[in-house]
Amino acid sequence: MLLSAVLGLPPDVDPDVLSLLPGDEPAVKAVRELQDSEGGISLVTLSFTSDDPDLLDATMRRMATKLGDLERVEYALYQVDPELTKQLGLLQLEASEVDTLNTRLRAALSLGSALNPIVTQRLMAMGPLTERIQKLSEAPDLLQGGAGRGRILVRPTVSSHDQKFAALVMADIERVLAAEETPGVRTAWVGGAYRHVVEDSRGIKSDLFWTTFVSLGLVLLVTIVAFRSWRSTLLVFGPLIAANVVVLGLVGVFLGSLNTYTSFGTAILIGLGIDFAVHLVGRYREYRAQDVPLEEAIERAWDRTGPPCMTAALTSMAGFLALAAADFQGFAQLGVLLAVGLLVCLVAMLVLLPVLIPSLDRDAPPLLGTVGEGEASRSTYRLAPLGLGVALASTVVVGFLAAPNLRWEYDISELRREGMAWSELSEEQRKLVKESYSPMFVATTSPAELTRLHTTVAEALEAGRLPHIARAVSVQTVLPPDQEERVRALQELVRLVGDDDLKYLPPPLVKRLMPLRGQAIGMKTVADLPRPVVELLGVKEGMGPRMLLFAQGNMWDLRETAALEEETNAVLGEGAVAGDYVTLGALYRIIRRDMPVVAALAFLMVLVLTEIDLRRQAWVAAAMATLLAGLVWAAFLTSLVGVELSIMNVVGVPILVGIGVDVVIHLLHRLRDEGPGGVRRALRTTGVAASISTLTTIASFASLVAAGNRGVQSLGLLVVFGLAAVFGATCVILPLMWAAGWRVTGRAPGLDATPTPGAPRRT
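What follows is the structure, encoded as structure tokens:
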């Protein structure tokens, strides 16, 4: 245990979702190749607002300089030369459309004061083009978001997927922001992958502490009340704590770190691991209440309760290990962690409890709510078949009602912490979020390949095949191949705008063209571009030219990221586009593909283990039918309270299958042992123990509500309400099945002419 504590405490955390995706996934390979060859693709976007443009400009210039001087920052881009920006913007105009405007403008100017309506009408038809010219020639900076707003793009030296580096660089940036804080200038938004990595890492650590702390507190409370002895609390918590420390040690050795999905594993194991102690100690206390000697009571309790505990553990482990079949390693690692952890808890309880009981639980009372043997029931179970029919019919009706109400939460921001959901942002913040979307990259090896790529993307955009792409940018759009023709046409336009007869043209047209008067227009080369732009475009030595694709829409909505991935794969091929949003789309697709397989495998493994344990088809059928009915009621209850499935809590479905069958197994074993007339005894003994163990499990999952991550919270709610429904259905349907079976086969105790009170009967 001491070695495990050294190896596993405190546990490391890693929020990098990319590392949890399959390595052979095209979107993942594309991102990794880009990171390996060009140092990553992520930026930090800083957005500021102010009512004083001059103050904003001075503050941001100062900030950009200090940010650029940071050791961990490659560059900080605040402002591109306004004159260069204007010329680059005007170069986006096709030479042919500018020539058309020049022709009509010359014709109008040649008429001077004699300008007629026909020529005026032809000239005004060029309104959309002149509006574009006005916007392009007046744009002060590529990074300005409008009046009173501005942005700084920060490029760190190492990828955002390095969590430790991301924490250091964000700390550096935060120090600069604090040092340069200026009254009248507001930080409107800090966006980008680096911020999310740091916040997720902090969140995982916080969630790990709070969920474990709350789980311990809730389970401790249930244990104290149920066991009615503080010494017994030490009895069950000693092995439990030891087992969890060992599990964290194993995590440190074999997994290395916890992720968003495994961070709450300890909190869950606290509730699941103590279940074994509840059943073992509860049965031991039953025997002690019957004056059975201590050692014999332990032996008989372990003999009668050990096998169902083992079966319950194996079925739960089966549900957890089904997650290991998932391609998404977040699920797979959680499944392995819970399965191994549960086995460690079982072994700890089986081995340590017999050693501790003589000193800590020698003369303790029975569990709260349990009773002694009592008399056997004399009921004929006349209404049991009817009650069973009503229960099953109700389950079918509830299933039909629940199915249409099961909903999926597609907005990944709703799973983040309070205040960070898309629905919680103002319109201004949403606009800033969209402006801070990281570009996606398509690598090429030559200018010719880049030209073909532009043609492909342009045709797809025009045909509407890339609705989630706003625009495509490369060196060929910044410095067009026909730049010479465009410069010639623009120089002619500038000359015409300087004509004195321009005053005779329609005033709206003149207003749009006036910003061009005196504008210098000349040829530009890569050498004229700022270094950050050169690097982004991939036109420096040792890099291949690349295209930048800018997304549009809500990239926090998984449906839109999945559609983006599908669109880019269809147009450009799988793995051609590297970017966070394409990777997020792949994550959603993988999880949606994994979950039906995992759920089916979990149910199949539980079925096989139940068959091995019970060995009689009727009992197996009863157990699985009860579990299915419980899951139907779970679906109904969770939908009723508004819990929606998400990429975080969908993992709770196979978990619910694994732990839900525990109650069924324990109660079924006791009903079988008691025989006809033992329903009440089974419910008052094992049923009470099962209710206590269910409460501890519910308490452990309820602790997840203390997490800041709302995805983790929703997992807790899903299992809490789901397990409560499964437990309730089991306590109603399984006894009704047994009672109805005894009634139909003529073995109900009230139908027996010579019953033996208190004697168990075999079914």
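Residue numbering for the sequence shown follows this note's numbering, beginning at 311 and increasing consecutively. Positions of the beta carbon are idealized from the N, C-alpha and C atoms, including for glycine. Since the model is a prediction, treat every value here as computed from it, not as a measurement.
With the cut-off set at 8 Å, would you say H778 and A873 are in Cβ contact? Within the sequence shown, residue 778 is the residue found at index 468, counting from 1. Within the sequence shown, residue 873 is the residue found at index 563, counting from 1. Yes, they are a contact pair.
Residue closest to F564, alpha-carbon to alpha-carbon, out of L356, L647 and R925: As a first step, residue 564 is located in the sequence shown; it is residue number 254 there, counting from the start. Nearest C-alpha to F564: L647.
For I428, count neighbouring Cβ atoms within 10 angstroms of its own Cβ and tell me buried if that reaches 16, exposed if not. Taking the first residue of the sequence shown as position 1, residue 428 is located at position 118. The residue is exposed, with fewer than 16 neighbouring Cβ atoms inside 10 Å.
Determine the extent of the alpha helix (DSSP H) in which Y504 is found, giving its start and end residues. Your numbering for residue 504 matches position 194 in the sequence shown. That run of the alpha helix (DSSP H) goes A503 to F537.
Proximity winner among M620, P986 and L604, relative to I922 (alpha-carbon distances): Indexing the sequence shown from 1 puts residue 922 at position 612. Residue M620 is the option with its Cα nearest to I922.
Can you check DSSP and say which residues form a bridge with L592? Here residue 592 refers to the residue found at position 282 of the sequence shown. Per the sequence shown, the amino acid found at residue 592 is Gly instead of Leu. Partner(s): none; G592 has no beta bridge.
Identify whether I483 lies in helix, strand or coil by the three-state DSSP scheme. Within the sequence shown, residue 483 is the residue found at index 173, counting from 1. Of the three classes helix, strand and coil, the one that applies to I483 here is helix, per DSSP.
Selection from T835, R781 and V507 that minimises the alpha carbon distance to E794: Position 484 of the sequence shown, counting from 1, holds the residue named residue 794. Ranking T835, R781 and V507 by Cα distance to E794 puts T835 first.
Run through the segment 344-399 for me and flag every whole beta strand (DSSP E) of 3 or more residues, listed as ranges in chain order. 354-360 and 383-387
Could you tell me whether the Cβ atoms of V464 and L353 are closer together than 8 Å? Reading the sequence shown from its first residue, position 154 is the one you call residue 464. Reading the sequence shown from its first residue, position 43 is the one you call residue 353. For V464 and L353, yes; Cβs fall inside 8 Å.
Looking at the structure shown, is T492 part of a helix, part of a strand, or coil, going by DSSP? Start at 1 with the first residue of the sequence shown, and residue 492 comes out as number 182. T492 falls in the coil class under three-state DSSP.
Excluding sequence positions up to five away, which residues of its chain have a Cβ less than 6 Å from the Cβ of V556? As a position in the sequence shown, residue 556 is number 246, starting the count at 1. Closer than 6 Å at Cβ, skipping near neighbours: S314 and V654.
Leaving out the 5 sequence neighbours to the left and right, which residues in its chain are closer than 7 Å to L771 when beta-carbon positions are compared? Taking the sequence shown and counting its residues from 1, one reaches residue 771 at position 461. Around L771: I779.
For the 8 Å Cβ check, are there 3 or more pairs between the segment 809-820 and the segment 889-901? no
Can you check which of these residues, E984, L1025, G968 and E724, is closest to F1037 by C-alpha distance? Locating residue 1037 in the sequence shown gives position 727, counting from the first residue. Of the listed residues, the one whose Cα sits closest to F1037 is G968.
Kindly list the residues whose CB is nearer than 8 Å to the CB of L453, restricted to its own chain and excluding five residues on each side of it in sequence; keep chain order. As a first step, residue 453 must be located in the sequence shown, where it is residue number 143. Annotation note: pLDDT 49 at L453 (below 50); position unreliable, coordinate value reported separately. L387, Y388, Q389, V390, G460, R461, I462 and L463.
Cα-Cα separation, L1134 to E737: Only positions 311 to 1073 of the chain appear in this structure, which leaves residue 1134 out of reach.
Which residue from V973, M750 and G832 puts its Cα closest to that of V341? Here residue 341 refers to the residue found at position 31 when the sequence shown is read from its first residue. Answer by Cα proximity: M750.
To the nearest angstrom, how far is it from the Cα of S357 to the Cα of A782? Within the sequence shown, numbered from 1, the residue matching residue 357 stands at position 47. Within the sequence shown, numbered from 1, the residue matching residue 782 stands at position 472. If I take the Cα positions, the gap works out to 23 Å.
Beta-bridge partners of P603, as assigned by DSSP: Numbered from 1 along the sequence shown, position 293 holds the residue referred to as residue 603. In the DSSP output, where bridge partners are listed per residue, P603 has none listed.
At the level of alpha carbons, what is the spacing between G548 and L530? Here residue 548 is taken as the residue at index 238 of the sequence shown, counted from 1. Here residue 530 is taken as the residue at index 220 of the sequence shown, counted from 1. Between G548 and L530, the C-alpha separation is close to 12 Å.
Let me check understanding here. Comparing Cα to Cα, which of L312, L938 and V561 lies closest to G645? One-based indexing of the sequence shown puts residue 645 at position 335. Of the candidates L312, L938 and V561, the one whose C-alpha sits nearest the C-alpha of G645 is V561.
Please determine, among D671, L377, Q639 and T521, the residue with the shortest C-alpha to C-alpha distance to R538. Here the question's residue 538 lines up with position 228 in the sequence shown. When only C-alpha atoms are compared, the closest one is D671.
Under 6 Å Cβ to Cβ from L1005, same chain only, skipping five residues before and after it: list those, please. Translated into the one-based positions of the sequence shown, residue 1005 becomes position 695. Excluding positions up to five away in sequence, the list reads V532.
Classification of A1063 by the beta-carbon crowding that lies within 10 angstroms, buried from 16 upward: Numbered from 1 along the sequence shown, position 753 holds the residue referred to as residue 1063. Residue placement at A1063 is poorly supported in this model, since its pLDDT is 45, which falls under 50; the coordinates still yield a value, given next. By the neighbour-count rule (16 or more Cβ atoms within 10 Å), A1063 is not buried but exposed.
Determine which residues share a DSSP beta bridge with L463 and list them. As a first step, residue 463 is located in the sequence shown; it is residue number 153 there, counting from the start. Answer by DSSP bridge pairing, in chain order: T355 and L387.
Rounded distance between the beta-carbons of V961 and L1025, thought under 8 Å: For this step, residue 1025 is matched to residue 715 along the sequence shown. For this step, residue 961 is matched to residue 651 along the sequence shown. Confirmed, Cβ separation roughly 7 Å.
Which residue or residues does DSSP assign as beta-bridge partners of R925? Counting from one through the sequence shown, the residue named residue 925 turns up at place 615. None; R925 has no bridge partner.
Touching by the beta-carbon criterion (3+ pairs, under 8 Å), the segment 986-1004 and the segment 914-921: no
Any idea if E441 is buried or exposed, counting beta-carbon neighbours within 10 angstroms, 16 or more meaning buried? Numbered from its first residue, the sequence shown carries residue 441 at position 131. E441 comes out exposed.
Could you confirm whether any beta carbon from chain D is found closer than 8 Å to the beta carbon of P668? As a matter of chain content, chain D is missing from the structure shown, which is built from one protein chain.
Going by C-alpha distance, which of I580, L328, P1045 and E845 is nearest L1105? Limits of the chain in this structure are 311 at one end and 1073 at the other, which puts residue 1105 out of reach.
Considering only their Cβ atoms, is the gap separating W929 from A1035 smaller than 8 Å? Stepping through the sequence shown from its first residue, residue 1035 is reached at position 725. Stepping through the sequence shown from its first residue, residue 929 is reached at position 619. No, the pair does not count as a contact, with Cβ atoms beyond the cut-off.
Between the beta-carbon of L568 and the beta-carbon of I514, is there less than 8 Å? Counting from one through the sequence shown, the residue named residue 568 turns up at place 258. Counting from one through the sequence shown, the residue named residue 514 turns up at place 204. A contact, by the Cβ cut-off of 8 Å.
Can you tell me whether E724 is buried or exposed, with buried defined as 16 or more other CB within 10 angstroms of its CB? For the purposes of this step, residue 724 is taken as the residue at position 414 of the sequence shown. Buried, because 16 or more other Cβ atoms sit within 10 Å of the Cβ of E724.
Output yes or no for whether 8 Å exceeds the beta carbon distance between G629 and I957. The residue given as residue 629 occupies position 319 in the sequence shown. The residue given as residue 957 occupies position 647 in the sequence shown. No, Cβ-Cβ distance for G629 and I957 is not below 8 Å.
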